[in-house]
Each structure stands twice: as structure tokens, then as C-alpha cells.
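Asks: Those letters in the sequence shown? Residues 4 to 198, per this note's numbering, in order. Take a look at this one; I'll ask things after.
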Amino acid sequence: MRLAVLERLGSLVSIAMVGALTLAAWLLSELVAQSSGPASSRPAGSISTVITQAEILQTNAQGSAQYQVKAPRVDLFNDGQALLDQPELVSLAQSEMGPAMSARADSAVISSNQQEIEIRGNAQITRPAQQRQPALEVTSPWIRFDLKKQTAQTTAAVRVVRGASVLTGDGLMLDQRAATLRVLSNTQMILKPES
4 MRLAVLERLG
14 SLVSIAMVGA
24 LTLAAWLLSE
34 LVAQSSGPAS
44 SRPAGSISTV
54 ITQAEILQTN
64 AQGSAQYQVK
74 APRVDLFNDG
84 QALLDQPELV
94 SLAQSEMGPA
104 MSARADSAVI
114 SSNQQEIEIR
124 GNAQITRPAQ
134 QRQPALEVTS
144 PWIRFDLKKQ
154 TAQTTAAVRV
164 VRGASVLTGD
174 GLMLDQRAAT
184 LRVLSNTQMI
194 LKPES
């Protein structure tokens with residue numbers, strides 16, 4: 004009888020361990036999926052065209068240049084999306100709005116309506132120093148831009164360097180029109196006086 008109880012206890016411990024490992028594997032897969040960007044932005048279908056040394060200029064309804072995108076390779080997919088290798092995105096802002104922001108990464112996906120760009124792998128946004136404002140650099144595993152709203156956001160870890168000050172945390176919302184930047188949670192900041 005004692006042996007039967009020990010066998011049952013051993014079985015329960017084994018089942019609990021398998022359950023814990025299953026839960027841990029699921030949590031890890033969710034974390035990896037979140038840090039690599041939303042699955043909905045990944046191109047589907049097959050490649051229809053390959054372009055090398057691409058330069059794309061996006062204009063507004065009045066014909067004024069808004070953004071310039073450069074990439075050594077662009078894969079166009081039959082679902083309308085595009086995958087860019089080592090892209091560089093430059094905002095062609097008006098001079099009264101301050102210096103233009105630029106972004107770069109290992110790769111990028113442009114949505115089929117060409118209004119969203121998600122940069123991935125060493126994603127970086129930079130803005131040069133201007134008058135009394137120090138230079139700005141934002142880094143994250145991935146960042147998604149909405150070109151129509153002129154916003155950038157991510158839910159991944161983020162590091163913001165503004166002059167000598169450093170802010171880290173999880174998630175980012177940048178609004179270029181309102182000139183605001185928010186780190187959403189788990190923030191830590193190191194403030195250093197400007198020289």
C-alpha cells in the first residue's frame with residue numbers, strides 16, 4: 004500500500020513538472036513573439052519582384068516630399084507588402100519643425116497601403132542636436148511607424164539617449180507632430196547635467 008502511494012505521488016510530481024515546463028515554453032514563445040514584433044506585419048505570400056539599390060520618396064496629397072526610404076535590396080510580395088534590407092528612413096520635415104529625424108535597422112516591412120513601416124533588428128531613431136536641444140537617439144529591437152499620423156511606437160524594450168541623459172524602459176510612443184516621446188513602463192532614468 005505504501006508503494007502505491009509513493010507511485011501516485013511520483014506520478015503527480017511528474018505531471019506537475021510537465022505542466023510547469025509546458026507553461027514556461029508557452030511564456031517564452033509569447034515573449035519572443037512580442038519582442039520580434041507583431042506577427043500581422045510579417046509579409047505573406049511569395050516574392051514577386053526584387054529591387055536593388057532602391058530609393059523611395061513618399062509625398063503628401065499636395066505633392067510635397069514627406070519621407071525618403073533607401074535600401075540596398077527590396078523584396079516586393081504579391082500581397083502588396085515589401086521587405087527591405089538595411090533600410091534608412093528620413094523624415095523630410097519643414098525647417099521650422101526642426102531637424103529631420105531618421106531611422107535605420109537591419110530590416111523593415113512596409114505595409115500594402117504604404118502607410119506603416121516596421122523596422123526590426125537594431126532599430127534606431129536619431130535626431131541631430133538643434134539650437135538648445137541636444138541630439139536624440141532611440142534604440143529598440145523593433146519600432147513601427149505610422150506615416151499618416153507621424154507616430155512611432157513599440158512594446159519592446161527601449162533606450163533613449165538625449166544628450167548625456169539616458170532613459171530605459173518598455174514600450175515607446177513618439178509623436179512627431181506634437182514633439183512628444185513617452186516610455187510606457189518599467190522606466191529608469193540617469194540624468195546628467197549638460198555641459
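No residue lacks a Cβ here, since even glycine has one placed at the ideal position from N, Cα and C.
In angstroms, rounded to a whole number, what distance separates the CA positions of residue 61 and residue 174?
Replies: Near 27 Å, if we compare the C-alpha coordinates of residue 174 and residue 61.
Asks: In the DSSP output, which residue or residues are listed as bridge partners for residue 140?
Replies: Paired residues: 129 and 164.
Asks: Can you tell which of 83, 186, 171 and 94 has its C-alpha closest to the C-alpha of residue 51?
Replies: When each option's Cα is compared against that of residue 51, the closest is 83.
Asks: For residue 94, count the other beta carbons within 10 Å of its own beta carbon; 16 or more makes it buried, fewer makes it exposed. Which is it?
Replies: Buried, since its Cβ has 16 or more Cβ neighbours within 10 Å.
Asks: Do you know whose CA, among 81, 179 and 169, lies nearest residue 148's CA?
Replies: Looking at the Cα atoms, 179 is the closest of the given residues.
Asks: Using a threshold of 8 Å, state whether the C-beta atoms of residue 3 and residue 144 are closer than that.
Replies: Because residue 3 is not part of the residues shown, which for the chain are 4 to 198, the question remains open.
Asks: Relative to the C-alpha of residue 70, which residue among 80, 81 and 105 is closest?
Replies: Considering only alpha carbons, the answer is 105.
Asks: Suppose you measure from the CA of residue 163 to the CA of residue 142; what does that come to, to the nearest Å?
Replies: One C-alpha to the other measures close to 7 Å.
Asks: Note down the Cα distance separating residue 181 from residue 121, rounded to an integer number of angstroms.
Replies: Looking at the two C-alpha atoms, the distance is approximately 21 Å.
Asks: Which term fits residue 157, buried or exposed, when burial requires 16 or more other beta carbons within 10 angstroms of its beta carbon?
Replies: When all chains shown are included, residue 157 counts as buried.
Asks: Nearest CA to the CA of residue 56: which residue from 67, 48, 75 and 66?
Replies: Comparing Cα-Cα distances from residue 56 to each of 67, 48, 75 and 66, the minimum goes to 75.
Asks: Based on the DSSP secondary-structure assignment, which residues constitute the bridge partners of residue 158?
Replies: Residue 158 is not bridged to any residue.
Asks: Going along the chain, which residues of its own chain have a beta-carbon closer than 8 Å to the beta-carbon of residue 115, five neighbours each way excluded?
Replies: Excluding positions up to five away in sequence, the list reads 82, 83 and 84.
Asks: With burial defined as no fewer than 16 other Cβ atoms inside 10 Å of the residue's Cβ, what is the status of residue 213: buried or exposed?
Replies: Lying outside 4 to 198, the shown extent of the chain, residue 213 is not represented and no answer is given.
Asks: Thinking just about the alpha-carbon of each residue, which of 49, 189, 168 and 161 is nearest to the one in residue 177?
Replies: Cα-wise, what sits closest to residue 177 is 161.
Asks: Checking the sheet assignment: what are the DSSP bridge partners for residue 188?
Replies: Answer is 173, bridged to residue 188.
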